[in-house]
Amino acid sequence: MWWSFIDWALIYSYFMAGSFAAVIYDWALTFGQEFELVWKQRCSLMSIMYLCVRYAGLLYSIFCTLWYLPVSMTDAVGNIIFFVQAWMPIVVNACLGVIMMARIYAMYQGSKKMLIFLIVVLLASTIASGVMLVMANLTAVGEESILSGFHTCVVSMDTAGIALIREILIPTSIWEILALFLAVWILIEHFRELRQSPTGSTTGDCFIVLAQSHVLYFAFFAAASAFTLGSLSPKLSYLTPVGSGVYFGILEITQVLQMFVLGPRLILSVRDYNAKLVSDSDEGTGMSTVAFQERGHVSTSGEV
Numbered sequence: 023m024w025w026s027f028i029d030w031a032l033i034y035s036y037f038m039a040g041s042f043a044a045v046i047y048d049w050a051l052t053f054g055q056e057f058e059l060v061w062k063q064r065c066s067l068m069s070i071m072y073l074c075v076r077y078a079g080l081l082y083s084i085f086c087t088l089w090y091l092p093v094s095m096t097d098a099v100g101n102i103i104f105f106v107q108a109w110m111p112i113v114v115n116a117c118l119g120v121i122m123m124a125r126i127y128a129m130y131q132g133s134k135k136m137l138i139f140l141i142v143v144l145l146a147s148t149i150a151s152g153v154m155l156v157m158a159n160l161t162a163v164g165e166e167s168i169l170s171g172f173h174t175c176v177v178s179m180d181t182a183g184i185a186l187i188r189e190i191l192i193p194t195s196i197w198e199i200l201a202l203f204l205a206v207w208i209l210i211e212h213f214r215e216l217r218q219s220p221t222g223s224t225t226g227d228c229f230i231v232l233a234q235s236h237v238l239y240f241a242f243f244a245a246a247s248a249f250t251l252g253s254l255s256p257k258l259s260y261l262t263p264v265g266s267g268v269y270f271g272i273l274e275i276t277q278v279l280q281m282f283v284l285g286p287r288l289i290l291s292v293r294d295y296n297a298k299l300v301s302d303s304d305e306g307t308g309m310s311t312v313a314f315q316e317r318g319h320v321s322t323s324g325e326v
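Here the sequence shown stands for residues 23 to 326, numbered as in the numbering used here.
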């Protein structure tokens, strides 16, 4: 049994290292944009959400890597790392939900009814995920084990708790599907209007920027959700330790890319677009921008 676990843990740790490298690489790659579009702008809700997601990703990757390093750790440290790993996705997905809500609110021309509806659904989704995680963690106990020289923190949990852990993504999936549906719906309606308006091309560009980053983000979320739901299948128990390690490794790296790479880019892509529009406007080119808080307001500071 323990040799199978060691084989599984070794394979899984390779994917953890890969996800850590991806997060660090993307942070280094986009830090120039981040400095110009976030740090140099005035503080706003969207700036705070960006920084929470970006640096929570770095922290999460470090903790996940520590979990599989061949070093000794106390039971208390192991439990802390486990709970950070468990709660971080819920907190980050809540922040990403706020970012997505702001985008949809802007696309619906600042409709207060739409904003209230989005707030209610996002709160329900986040609370449901949080309650499920609390219930799952009630029986979780971690302790350090040394298996053939391999240091690891083994967390024991009952069958119901394991099932809840894997089902936590369901409320978030409902929110993401709703967000995608609302975004696609308003895009269809908007492009119908563009066909009748010869002067709507620049506004169309704004919607295209929003749609491109949204669709790519949702594609990775859908992949992560599919792998998570697939983990509930009893057929997964028939996989070899290596096959199971690969499966959950792909699931982990997909979730990390969705939350900590594509998540921050939801804001960077729009702010970069707005910055280019302001630059073109200074040169005398009349163009429209994406406003996320005040209808008709043109700004690249901290509102997106």
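Each residue gets a CB set at the ideal place from its N, CA and C atoms; glycine is no exception.
- Separation of the CB atoms of Leu80 and Val45 is rounded to 6 Å, and the pair is thereby assigned contact status at 8 Å.
- With a 10 Å radius around the Cβ and a threshold of 16 neighbouring Cβ atoms, Arg214 comes out exposed.
- The beta carbon of Val60 sits closer than 6 Å to those of Ser69 and Tyr72, all from its chain and outside the five residues before and after it, given in chain order.
- The three-state reading of DSSP puts Tyr130 in coil, since its state is none of H, G, I, E or B.
- Between the C-alpha atoms of Leu204 and Arg287 there is a straight-line separation of about 20 Å.
- Straight-line spacing of the CA atoms in Cys86 and Tyr77 works out to 14 Å.
- For Glu58, there is no enclosing alpha helix (DSSP H), as DSSP marks it with neither H nor E.
- DSSP, read as helix, strand or coil, puts Ser69 in helix.
- Burial state of Cys65 is exposed, judged by a 10 Å Cβ sphere holding fewer than 16 other Cβ atoms.
- Taking C-beta atoms as the reference points, Val156 and Gly285 fail to come closer than 9 Å.
- A check of alpha carbon separations from Phe105 across Gly152, Val268 and Leu32 identifies Gly152 as the nearest.
- Taking C-beta atoms as the reference points, Tyr34 and Gly271 count as a pair closer than 9 Å.
- Cα atoms of Trp207 and Ser41: separation of roughly 33 Å, rounded to the nearest angstrom.
- Under the DSSP assignment, Gln277 falls in the alpha helix (DSSP H) whose first and last residues are Pro263 to Val278.
- Taking 9 Å as the cut-off, the Cβ atoms of Ala244 and Ile126 do not count as close.
- Counting C-beta atoms within 10 angstroms of its own C-beta, Thr262 has fewer than 16 neighbours from the protein chains shown and is therefore classed as exposed.
- Per DSSP, Pro256 is not a residue of any alpha helix (DSSP H), being assigned neither H nor E.
- Residue burial annotation: Ile190 is buried, with at least 16 other C-beta atoms found within 10 angstroms of its C-beta.
- Between Leu144 and Met123, the CB-CB gap stays under 9 Å.
- A residue is called buried when at least 16 other Cβ atoms come within 10 angstroms of its Cβ; Ala246 meets this threshold and is buried.
- Residue range Leu191 to Gln218 is occupied by the alpha helix (DSSP H) that includes Phe213.
- Ranked by how close their Cα comes to the Cα of Ser235, the residues Gly265, Ile275, Ser291 and Leu160 have Ser291 in first place.
- Judged by DSSP in its simplified three-state form, Thr161 adopts coil rather than helix or strand.
- Straight across, the Cα-Cα distance linking Leu209 with Ile28 is about 49 Å.
- Judged by DSSP in its simplified three-state form, Arg188 adopts helix.
- Around the beta carbon of Leu258, a 10 Å sphere encloses fewer than 16 other beta carbons of the protein chains shown; the residue is thus reported as exposed.
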